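Student:
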Amino acid sequence: MCKPPPFVWHLIGKKAGPTATILAGVHGNELPGLVVLRVLLRALGFADRSPGRYQAENLAGNLYLGFGNPEAILKNSRASAPSEDLNRCFLPEFLRRWPRKTDSNELRRARELVPLLEQTDYLLDLHATHLPSPPLVGCEQPTPRHLELAHLLPVEHVLTNGKGVMSETDIGTTDNFVDCFGGERFEWLPIGPPSIMMGSWTITPKRTPAVGLYYEVGLKTDFNPQSVALTGALRWLATIGILPTTATLEPLQNQTLWAISDIVRHKQDAPKFIFAPDKKRGFTSVAQGELIGHYEPGAIELLAPSTGALVLQNDTQPLLGAPACFIASPLT
Ligand SMILES: [Zn+2]
Numbered sequence: 001m002c003k004p005p006p007f008v009w010h011l012i013g014k015k016a017g018p019t020a021t022i023l024a025g026v027h028g029n030e031l032p033g034l035v036v037l038r039v040l041l042r043a044l045g046f047a048d049r050s051p052g053r054y055q056a057e058n059l060a061g062n063l064y065l066g067f068g069n070p071e072a073i074l075k076n077s078r079a080s081a082p083s084e085d086l087n088r089c090f091l092p093e094f095l096r097r098w099p100r101k102t103d104s105n106e107l108r109r110a111r112e113l114v115p116l117l118e119q120t121d122y123l124l125d126l127h128a129t130h131l132p133s134p135p136l137v138g139c140e141q142p143t144p145r146h147l148e149l150a151h152l153l154p155v156e157h158v159l160t161n162g163k164g165v166m167s168e169t170d171i172g173t174t175d176n177f178v179d180c181f182g183g184e185r186f187e188w189l190p191i192g193p194p195s196i197m198m199g200s201w202t203i204t205p206k207r208t209p210a211v212g213l214y215y216e217v218g219l220k221t222d223f224n225p226q227s228v229a230l231t232g233a234l235r236w237l238a239t240i241g242i243l244p245t246t247a248t249l250e251p252l253q254n255q256t257l258w259a260i261s262d263i264v265r266h267k268q269d270a271p272k273f274i275f276a277p278d279k280k281r282g283f284t285s286v287a288q289g290e291l292i293g294h295y296e297p298g299a300i301e302l303l304a305p306s307t308g309a310l311v312l313q314n315d316t317q318p319l320l321g322a323p324a325c326f327i328a329s330p331l332t
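In my numbering, the protein residues as written are 1 to 332.
1) Any residue with its Cβ nearer than 7 Å to a heavy atom of ligand 1 should be included. What is that list in chain order?
2) Can you give me the Cβ contacts of Lys-3 inside the same chain, cut-off strictly under 6 Å, excluding the 5 residues immediately before and after it?
3) How big is the Cα-Cα spacing for Ala-287 and Ala-304?
4) Would you mind working out which of Leu-213, Pro-144, Val-36 sits nearest Leu-230, comparing C-alpha positions?
5) Indicate whether Leu-116 and Gly-66 have their beta-carbon atoms separated by less than 9 Å.
6) Among residues of its own chain, excluding the 5 on either side of Glu-301, which ones have a beta-carbon nearer than 7 Å to its beta-carbon?
7) May I ask you to report which of helix, strand or coil DSSP gives Cys-325?
8) Give me the Cα-Cα distance between Arg-42 and Arg-49, rounded to the nearest whole angstrom.
9) Starting from the C-beta of Lys-75, find all residues in its chain whose C-beta is less than 7 Å away, skip the five residues before and the five after it, and write them out in chain order.
10) What are the complete beta strand (DSSP E) segments, minimum 3 residues, inside the stretch 7-89?
11) How long is the line joining the alpha carbons of Pro-323 and Arg-265, rounded to whole angstroms?
12) In whole angstroms, what separates the C-alpha of Thr-284 from that of Pro-277?
13) Assign Thr-129 to one of three DSSP states: helix, strand, or coil.
14) CB Trp-9 to CB Val-158, shorter than 9 Å?
15) How about the stretch 167-182 and the stretch 83-100: do they share at least three Cβ pairs that are nearer than 8 Å?
16) What three-state label does DSSP hand Lys-280 in the structure shown?
17) So what does DSSP say about Trp-98, is it helix, strand or coil?
18) Is the beta carbon of Ala-233 sitting closer than 9 Å to the one on Leu-126?
19) Going by DSSP in three states, Trp-302 sits in which element: helix, strand or coil?
20) Less than 9 Å between the beta carbons of Leu-243 and Leu-152, yes or no?
21) Around the Cβ of Glu-84, are there at least 16 other Cβ atoms within 10 angstroms (buried) or fewer (exposed)?
22) Just how far apart, CA to CA, sit Gln-255 and Asn-62?
23) Between which two residues does the beta strand (DSSP E) holding Val-114 run?
24) Leaving out the 5 sequence neighbours to the left and right, which residues in its chain are closer than 6 Å to Ser-104 when beta-carbon positions are compared?
25) I need the boundaries of the alpha helix (DSSP H) containing Cys-139, first residue and last residue.
26) Would you kindly check if the distance between the Cβ of Leu-40 and the Cβ of Asp-222 is under 9 Å?
27) If you measure between the beta carbons of Thr-174 and Leu-113, is that distance less than 9 Å?
28) Going by C-alpha to C-alpha distance, which of Gln-268, Gly-162, Lys-220, Leu-86 sits closest to Leu-142?
29) Can you give me the C-alpha to C-alpha distance between Phe-240 and Val-137, rounded to a whole angstrom?
30) Within this structure, are the beta carbons of Met-320 and Lys-279 separated by less than 9 Å?
31) Under 7 Å Cβ to Cβ from Glu-156, same chain only, skipping five residues before and after it: list those, please.
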């Protein structure tokens with residue numbers, strides 16, 4: 001197991017088990033996740049301990065609890081600078097680049113977190129929305145293993161990139177990195193009949209796929225969702241085998257599975273973008289050509305490129321090409 005990166009607690013369980021990571025504050029101004037992480041640390045008895053490595057009698061496997069972007073958390077901002085985003089840095093082309101003095105705080109932090117994410121079997125990355133939205137859980141692809149865990153979280157909506165519309169940069173996220181490079185558990189599977197000549201089986205390693213999820217627990221300034229989100233985190237920890245439980249956790253009902261079908265990108269830099277009053281809330285219906293919002297000053301309009309439901313609206317200062325929001329369609 002790797003040494004925990006700065007601002008990460010590594011709790012070593014008494015029994016064998018998977019390696020799981022919960023992150024909060026990858027975007028520094030998303031407060032509910034920070035509260036959930038603090039409450040989890042308190043519940044496990046480590047609230048007054050500094051980040052580091054500890055034995056945890058009641059757990060199995062290895063649990064890492066960490067603050068994603070400490071510099072942004074201290075500034076109460078999404079990132080250390082408006083043009084930066086830690087959750088777009090987890091791309092091999094950035095990470096493998098020889099470190100430079102000019103590298104952003106976010107890229108340096110991503111490099112610190114990579115050894116942890118590479119050994120993570122299960123990731124739950126806690127986020128919160130800029131504008132009001134029902135909570136949601138998201139993943140890159142809706143595989144059975146992702147959906148099995150997503151269905152345990154107390155949300156009505158599961159959002160995926162099932163249609164593959166996200167660009168390379170947009171998928172430089174923690175959850176996608178864990179899907180692609182996480183997990184160190186191998187099963188040794190026999191292939192073919194035993195070799196008579198050699199008197200042994202031919203075996204091959206098969207990596208157990210890692211499962212990365214992000215969890216938008218509510219509005220970024222709203223502390224109310226913390227109890228629901230905490231329940232979700234505990235259900236997730238019990239299901240993957242970190243927290244002991246004798247109960248069988250049933251999947252929650254009435255979830256809708258969505259795929260991102262379009263990206264609504266800003267068409268200019270501007271001091272401000274104002275969403276239309278009826279288009280602020282997550283999962284609001286929109287028709288192609290309908291007004292999503294306007295830039296100030298100047299009142300230039302941004303129209304919906306296609307029909308669906310608006311999700312993950314972002315009202316921070318608009319930058320040309322950055323997503324203002326996404327359009328999702330039900331995935332059946
Ligand atoms: Zn976020």
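Yeah, the Cβ is synthetic: ideal placement off N, Cα and C, and Gly gets one too. Here the structure is a predicted model, which is why all the values come from computation and not from measurement.
Tutor: Result, derived from the coordinates:
1) Val-26, His-27, Glu-30, Asn-87, His-127, Ala-128
2) Residue numbering aside, residue 3 sits at position 3 when the sequence shown is read from its first letter. No residues qualify anywhere along the chain.
3) On the sequence shown, residue 287 is found 287 positions in, with the first residue counted as 1. On the sequence shown, residue 304 is found 304 positions in, with the first residue counted as 1. The alpha-carbon atoms of Ala-287 and Ala-304 are separated by roughly 7 Å.
4) As a first step, residue 230 must be located in the sequence shown, where it is residue number 230. For Leu-230, the nearest C-alpha among the options comes from Val-36.
5) What you label residue 116 is simply residue 116 of the sequence shown in a count that begins at 1. What you label residue 66 is simply residue 66 of the sequence shown in a count that begins at 1. Closer than 9 Å, so yes.
6) As a first step, residue 301 is located in the sequence shown; it is residue number 301 there, counting from the start. Counting only Cβ-Cβ distances below 7 Å, and skipping sequence neighbours, we find Leu-291, His-294.
7) Residue 325 sits at position 325 when you count from the first residue of the sequence shown. If DSSP states are grouped into helix, strand and coil, Cys-325 belongs with the strands.
8) If you number the sequence shown from 1, residue 42 lands on position 42. If you number the sequence shown from 1, residue 49 lands on position 49. Distance between the alpha carbons of Arg-42 and Arg-49: 10 Å.
9) Counted from its first residue, the sequence shown places residue 75 at position 75. Gly-28.
10) List check, beta strand (DSSP E) in window: 8-24, 53-67.
11) Taking the sequence shown and counting its residues from 1, one reaches residue 323 at position 323. Taking the sequence shown and counting its residues from 1, one reaches residue 265 at position 265. When rounded, the distance between both Cα atoms is 4 Å.
12) Against the sequence shown, residue 284 aligns to sequence position 284. Against the sequence shown, residue 277 aligns to sequence position 277. For Thr-284 and Pro-277, the distance between alpha carbons rounds to 11 Å.
13) For the purposes of this step, residue 129 is identified with residue 129 of the sequence shown, where counting begins at 1. If DSSP states are grouped into helix, strand and coil, Thr-129 belongs with the strands.
14) Residue numbering aside, residue 9 sits at position 9 when the sequence shown is read from its first letter. Residue numbering aside, residue 158 sits at position 158 when the sequence shown is read from its first letter. Contact flag unset, no.
15) The stretch 167-182 is in contact with the stretch 83-100.
16) Taking the sequence shown and counting its residues from 1, one reaches residue 280 at position 280. The answer is coil: DSSP assigns Lys-280 none of H, G, I, E or B.
17) Translated into positions along the sequence shown, residue 98 becomes position 98. The answer is coil: DSSP assigns Trp-98 none of H, G, I, E or B.
18) The residue labelled residue 233 in the question sits at position 233 within the sequence shown. The residue labelled residue 126 in the question sits at position 126 within the sequence shown. Yes, these two residues count as a Cβ contact at 9 Å.
19) Within the sequence shown, the letter at position 302 stands for residue 302. Note that residue 302 corresponds to Leu in the displayed sequence, not to Trp. Three-state result, Leu-302: strand.
20) As a position in the sequence shown, residue 243 is number 243, starting the count at 1. As a position in the sequence shown, residue 152 is number 152, starting the count at 1. Leu-243 is not a Cβ neighbour of Leu-152, given a cutoff of 9 Å.
21) In the sequence shown, the residue the question calls residue 84 occupies position 84. Under this definition Glu-84 is a buried residue.
22) Taking the first residue of the sequence shown as position 1, residue 255 is located at position 255. Taking the first residue of the sequence shown as position 1, residue 62 is located at position 62. Roughly 30 Å between the two C-alpha positions.
23) One-based indexing of the sequence shown puts residue 114 at position 114. No beta strand (DSSP E) holds Val-114; the alpha helix (DSSP H) holding it covers 105-118.
24) Here the question's residue 104 lines up with position 104 in the sequence shown. Scanning its chain for C-beta atoms nearer than 6 Å, with the 5 sequence neighbours on each side dropped, one finds around Ser-104 the residues Glu-84, in chain order.
25) Within the sequence shown, the letter at position 139 stands for residue 139. Careful: Cys-139 lies outside any alpha helix (DSSP H), inside the beta strand (DSSP E) at 136-139.
26) Residue mapping note: residue 222 aligns to position 222 of the sequence shown, counting from 1. Residue mapping note: residue 40 aligns to position 40 of the sequence shown, counting from 1. The Cβ atoms of Asp-222 and Leu-40 do not sit closer than 9 Å to each other.
27) Taking the sequence shown and counting its residues from 1, the one referred to as residue 174 is at position 174. Taking the sequence shown and counting its residues from 1, the one referred to as residue 113 is at position 113. In contact: Thr-174 and Leu-113 (Cβ atoms closer than 9 Å).
28) Position 142 of the sequence shown, counting from 1, holds the residue named residue 142. Reading off the sequence shown, one finds Pro at residue 142, where the question assumed Leu. Out of Gln-268, Gly-162, Lys-220, Leu-86, Gly-162 has the C-alpha closest to the C-alpha of Pro-142.
29) Translated into positions along the sequence shown, residue 240 becomes position 240. Translated into positions along the sequence shown, residue 137 becomes position 137. It is Ile, not Phe, that sits at residue 240 in the sequence shown. Approximately 16 Å, taken between the alpha carbons.
30) Here residue 320 is taken as the residue at index 320 of the sequence shown, counted from 1. Here residue 279 is taken as the residue at index 279 of the sequence shown, counted from 1. It should be noted that the sequence gives Leu, not Met, for residue 320. No, the pair does not count as a contact, with Cβ atoms beyond the cut-off.
31) One-based indexing of the sequence shown puts residue 156 at position 156. Within its own chain, the residues whose Cβ lies closer than 7 Å to the Cβ of Glu-156, once the five positions on either side in sequence are excluded, are Pro-134, Asn-254, Gln-255, Thr-256, listed in chain order.
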